[in-house]
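Participant: Numbering (UniProt numbering), first residue to last: 1 to 152.
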Amino acid sequence: MAQTTPPEQPTCSKCIFCRIANNQEPKTDLLYQQDGIVIFKDLRPASDHHYLIIPEKHVKDPKHLGSNDVKLVEQLVSVGKDFLAKQGGDVTDVRMGFHWPPFNSISHLHLHVISPTKHMGFIASLIFKVNSYWFVSAEWLIDRLKKSSSSL
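1. Assuming Asp72 is part of the alpha helix (DSSP H), what are its boundary residues?
2. How many whole angstroms separate the CB atoms of Asp29 and Phe40, which I take to be in contact at a CB cut-off of 8 Å?
3. With DSSP run on the structure shown, which of helix, strand or coil describes Tyr133?
4. With C-beta atoms as the reference, is His58 less than 8 Å away from Cys15?
5. Report, in whole angstroms, the separation of the C-beta atoms of Trp140 and Phe103, which I expect to be a contact under 8 Å.
6. Roughly how many angstroms lie between the CA atoms of Cys12 and Asp48, to the nearest whole one?
7. Leaving out five residues on either side along the sequence, give the residues of the same chain with a beta carbon under 6 Å from the beta carbon of Gly89.
8. Starting from the Cα of Met96, find the closest Cα among Asn131, Leu126, Val113 and Arg19 and give me that residue.
9. Would you mind listing the beta strand (DSSP E) stretches within the stretch 36 to 63 that are 3+ residues and don't spill past its ends, in chain order?
10. Check whether the Cβ atoms of Ala21 and Ile54 sit closer than 8 Å, and answer yes or no.
11. Distance, Cα to Cα, Gln87 vs Met120?
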């Protein structure tokens, strides 16, 4: 049976990313805020460009997504790519993905957009190792969600 998303949750006052999305964290500059999507810089950048793309609504993590969330993930990816290009980032040398629980540090869905990958250090390359137990590509997650919808 396909997993479905729990009812939409409003922002959570205890969640740092919800507070950032609501402009309640003065130390974090919002670089983009439109159509329910927010972008800001990662505090510990893994390369020259490292952005976090989050939905304004509180979604705990990628495991809490269901088959009806494919469009949300595709929207995060699309907005992330467009934003990276506008910032002068290399969209041909980019890593986009999610930390997979329990290896996520913040319990609010967030897409990492990192470019160029050739400037990532050894430790960052391990932390953001594609399709490892702890970090999955956006494509992998989209495929997983689509497969869960086909098993209905």
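Quick reminder that beta carbons are idealized off the backbone N, C-alpha and C, glycines included. Owing to the predicted nature of the structure, the values given are computational and were not obtained by experimental measurement.
Facilitator: Checking against the coordinates, here is how it stands:
1. Counting from one through the sequence shown, the residue named residue 72 turns up at place 72. Rather than Asp, the amino acid found at residue 72 in this sequence is Leu. Element bounds for Leu72: Val70 to Lys86.
2. As a working mapping, residue 29 is identified with position 29 in the sequence shown. As a working mapping, residue 40 is identified with position 40 in the sequence shown. Sure, about 6 Å apart at Cβ, within 8 Å.
3. Residue mapping note: residue 133 aligns to position 133 of the sequence shown, counting from 1. Tyr133 falls in the coil class under three-state DSSP.
4. Position 58 of the sequence shown, counted from the first residue, corresponds to residue 58. Position 15 of the sequence shown, counted from the first residue, corresponds to residue 15. Cβ distance < 8 Å, so His58 and Cys15 count as in contact.
5. Stepping through the sequence shown from its first residue, residue 140 is reached at position 140. Stepping through the sequence shown from its first residue, residue 103 is reached at position 103. So it is not a contact: roughly 15 Å between Cβ atoms.
6. Counting from 1 along the sequence shown, the entry for residue 12 is found at position 12. Counting from 1 along the sequence shown, the entry for residue 48 is found at position 48. Each residue's Cα considered, the two are about 31 Å apart.
7. For this step, residue 89 is matched to residue 89 along the sequence shown. Here the set comprises His49 and Ser115.
8. As a working note, residue 96 is residue 96 in the sequence shown. Of the candidates Asn131, Leu126, Val113 and Arg19, the one whose C-alpha sits nearest the C-alpha of Met96 is Val113.
9. 37 to 41 and 49 to 55
10. For the purposes of this step, residue 21 is taken as residue 21 along the sequence shown, with counting starting at 1. For the purposes of this step, residue 54 is taken as residue 54 along the sequence shown, with counting starting at 1. Yes, the pair counts as a contact, with Cβ atoms nearer than the cut-off.
11. Residue 87 sits at position 87 when you count from the first residue of the sequence shown. Residue 120 sits at position 120 when you count from the first residue of the sequence shown. The straight-line gap from Cα to Cα measures roughly 18 Å.
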